[in-house]
Amino acid sequence: MVVTKQISQLNLTKVENQMALTTSTAKAVLAKREALAIAEQELAQAEASFKLELAKEGTEFAIVDGVKVAVVRGERPSYSVEILKDLVSDKVFKTVTKSAVDGKKFKSAVEVGVIKADVATAVTTITAYEQIRVTEYKGAKSEKVTNAEAEVA
């Protein structure tokens, strides 16, 4: 009877320890999520300031300690599946789509003339984007460099 009671207490202690560990780990997760949210806000503010500074200086990047920090602008196309289905044959539609239009296959079909340019225009929406890209920059100065200076170097 005493042994059974000791085993029960030992099992209870293990469960309590596990619960304490789980609670501690959960608290750590919450703290890290809060820190991440704050860091993401601070990053967004820093990126916005960086973009404004670059615009004022008329340049697209800065070099800091051999690292190039640049604003990259581009466009992402999206395609109207509903409109495309009405404008091409079923065979072509199946070839260039999955559950959405396969961009590479669609572009290829346009390039070879299987899909006409006016159809491509009718079903394509371009979404502009920009991002900050950080890359190693060989032979870099540890300061901001204008595009013209970078081309000369």
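Residues 114 to 266 in this note's numbering are what the sequence shown spells out, letter by letter.
For every residue, glycine included, the Cβ atom is placed at its ideal position computed from N, Cα and C.
Counterpart residues of residue i in DSSP-defined beta bridges
| i | result |
| --- | --- |
| residue 191 | 238 |
| residue 58 | There is simply no residue 58 to check, as the chain begins at 114 and stops at 266 in what is shown. |
| residue 148 | Answer by DSSP bridge pairing: none, since residue 148 is not bridged. |
| residue 126 | DSSP, once it has assigned bridges, lists no residue as partnering residue 126. |
| residue 248 | 181 |
| residue 174 | 183 |
| residue 214 | 210 |
8 angstroms contact criterion, which residue i and residue j should meet: CB distance rounded
| i | j | result |
| --- | --- | --- |
| residue 188 | residue 240 | 7 angstroms |
| residue 142 | residue 245 | That belief does not hold up - the Cβ atoms of residue 142 and residue 245 are roughly 27 angstroms apart, past 8 angstroms. |
| residue 222 | residue 205 | 7 angstroms |
| residue 185 | residue 164 | Actually they are not in contact, since the Cβ atoms of residue 185 and residue 164 sit about 11 angstroms apart, beyond 8 angstroms. |
Outcome for residue i when other beta-carbon atoms lying within 10 angstroms are tallied against a minimum of 16
| i | result |
| --- | --- |
| residue 242 | exposed |
| residue 225 | exposed |
| residue 197 | buried |
| residue 214 | buried |
| residue 180 | exposed |
| residue 209 | buried |
| residue 148 | exposed |
| residue 161 | exposed |
| residue 201 | buried |
| residue 236 | buried |
| residue 168 | exposed |
| residue 144 | exposed |
| residue 175 | buried |
Using 8 angstroms as the Cβ pair cut-off and three pairs as the minimum, do the region 195-211 and the region 143-157 touch? no
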